[in-house]
Amino acid sequence: MELGQNHTTVTRFILLGLTDQADEKQLLFAIFLLIYSMTLVGNLGMIDVIRASSTLHTPMYFLLSVLSFLDICNSSVFTPRLLISFLTTDQSISFAGCVAQMALMILHGTGECLLLAIMAYDRFVAICHPLLYHTIMSKRLCVQLVVVTYAMGVFISALQTGNAFILPYCGPNVIDHYFCDIPPVLQLACSDTTVANIILLFFSALVTVPTISVILVSYAYILVTIYKMRSLEAQRKAFSTCASHLTALSLFYGSVFLVYFQPNPESASAYNKILSVFYTIVIPMLNPLVYSLRNKDVKAAVQIRVLNLSRKRIC
């Protein structure tokens with residue numbers, strides 16, 4: 012069929028990357044290698060500390076360990092490929108590779124949106140209903156919520172990726188980005204993309220609107236509850252338990268909205284690349300720092316874990 016023939020015309024895409032300057036590539040390689048190393052060490056360390064410390068075996072830290080796992084996966088979708096592009100002149104990616112990268116990006120991005128909403132609900136229950144916290148946020152419910160998160164991620168990923176690549180691609184094949192993001196890929200389609208963009212907007216809203224609503228409603232109740240507390244010390248403690256999560260929310264949603272909610276995103280590709288680097292590569296590195304530097308329990312658990320490992324090595 013003609014549609015099938017057109018669809019298989021493009022077998023590889025060219026990713027322009029972040030820069031075409033050789034001297035800049037060497038510097039960027041060193042920077043992103045350091046960032047990726049810190050991402051792996053920080054998030055794997057967070058998972059290990061939560062696993063090893065009995066004081067952190069709570070719903071909040073279970074969800075935080077899942078977030079660390081998502082950050083490792085999310086960063087690994089983009090960074091290794093970006094590092095290779097700094098060392099080679101071949102900037103191409105196969106059609107199948109582009110499909111896989113987009114699918115994994117949507118899977119982990121959707122998972123992170125849903126998980127941040129679940130973490131907001133967890134803070135709502137902890138502050139607004141402290142006596143019922145462990146009853147409501149049971150281990151079984153937490154596991155079920157994580158399973159639903161991944162199931163929704165797979166579902167949205169399959170629909171969005173299929174929506175993008177069911178279109179015919181017969182050239183050009185140059186993507187002005189460092190990964191196969193949906194908007195720049197759709198611009199290369201050889202047919203009208205109006206329906207595809209409507210579907211993209213609908214399923215994007217299906218993920219973001221409910222999750223942001225849960226976050227806003229949860230924190231509205233949290234702020235009201237904190238305001239009603241008579242003790243300033245109780246207010247400070249309650250707010251400190253939310254500070255790390257609020258910081259992570261601001262970093263993630265702030266950069267995502269700046270990239271995808273613009274009147275004319277095509278006219279600011281360089282600007283979008285920088286912001287995309289922030290939420291795909293930098294934020295996974297920052298999250299374990301945000302949750303550890305502002306959390307006394309995590310810092311204490313890290314110190315104990317390091318001390319125990321040191322003793323084992325000495326023995």
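Numbering of the sequence shown is given in my numbering, commencing with residue 12 and proceeding in unit increments.
For each residue, glycine too, the CB sits at the ideal point set by N, CA and C.
As the structure is a prediction and not an experimental result, all values here were calculated from the model.
Those residues which DSSP pairs with residue i across a bridge
i, result
"Arg23", "Ser105"
"Ile186", "Leu26"
Nonlocal neighbours in the same chain, by C-beta distance under 7 Å from residue i, ignoring five residues either side
i, result
"Ala312", "Val60, Ser64, Thr66, Leu67"
"Ser202", "Leu178, Pro179"
"Ser278", "Only weak support exists for where Ser278 lies, its pLDDT of 49 falling under 50; the coordinates are left without a value."
"Thr258", "Val301"
"Arg322", "none"
"Val77", "Leu126, Val157"
"Ser168", "Ala114, Ile117, Leu118, Thr121"
"Cys124", "Val218, Thr219, Thr222"
"Met240", "Gln246, Ala249"
Residue j beta carbon less than 8 Å from that of residue i
i, j, result
"Tyr329", "Gly122", "Only positions 12 to 326 of the chain appear in the structure, and residue 329 is not among them; the question remains open."
"Tyr180", "Val21", "yes"
"Ile294", "Leu262", "yes"
"Leu75", "His119", "no"
"Met57", "Ser87", "no"
"Phe43", "Ile292", "yes"
"Asn85", "Pro299", "no"
"Ser266", "Leu297", "no"
"Thr172", "Ile104", "no"
"Asn306", "Ser255", "yes"
"Ala207", "Asn174", "yes"
"Ser170", "Phe106", "The amino acid occupying residue 170 in the given sequence is Leu; Ser does not appear at that position. Going by C-beta atoms, Leu170 is not nearer than 8 Å to Phe106."
Contacts around residue i, its chain only, beta-carbon distance under 8 Å, and the 5 residues preceding and following it disregarded
i, result
"Ile237", "Ile138, Gln246, Ala249, Phe250"
"Lys150", "Pro70, Phe73"
"Pro183", "Leu199"
"Asn17", "Per-residue confidence for Asn17 stands at a pLDDT of 42, beneath the threshold of 50, marking its modelled position as unreliable; no derived number is given."
"Gln37", "Phe97"
"Val165", "Leu118"
Where the alpha helix (DSSP H) containing residue i begins and where it ends
i, result
"Gln32", "Per DSSP, Gln32 belongs to no alpha helix (DSSP H) and is neither H nor E."
"Leu156", "150 to 176"
"Asn85", "70 to 98"
"Ala216", "205 to 239"
"Val335", "This structure gives no information on residue 335, because the portion of the chain shown stretches from 12 to 326."
"Ile147", "144 to 147"
Residues of its chain near residue i, where Cβ-Cβ distance is below 6 Å and the 5 sequence neighbours each way are ignored
i, result
"Tyr232", "Phe135, Cys139"
"Leu186", "The residue asked about is misnamed: residue 186 is Ile in this sequence, not Leu. Phe24, Leu26, Pro195, listed in sequence order."
"Thr204", "Leu197"
"Tyr47", "Thr90"
"Phe289", "Ser266"
"Asp308", "none"
Report yes or no: do the stretch 221 to 229 and the stretch 109 to 129 share at least 3 C-beta pairs separated by less than 8 Å?
yes
Assess contact between the stretch 103 to 117 and the stretch 182 to 193, defined as three or more Cβ pairs (one per stretch) separated by less than 8 Å. Is contact present?
yes
With a cut-off of 8 Å, do at least 3 Cβ pairs link the stretch 28 to 36 to the stretch 86 to 100?
yes
With three or more beta-carbon pairs closer than 8 Å as the criterion, would you say the stretch 83 to 93 touches the stretch 153 to 172?
no
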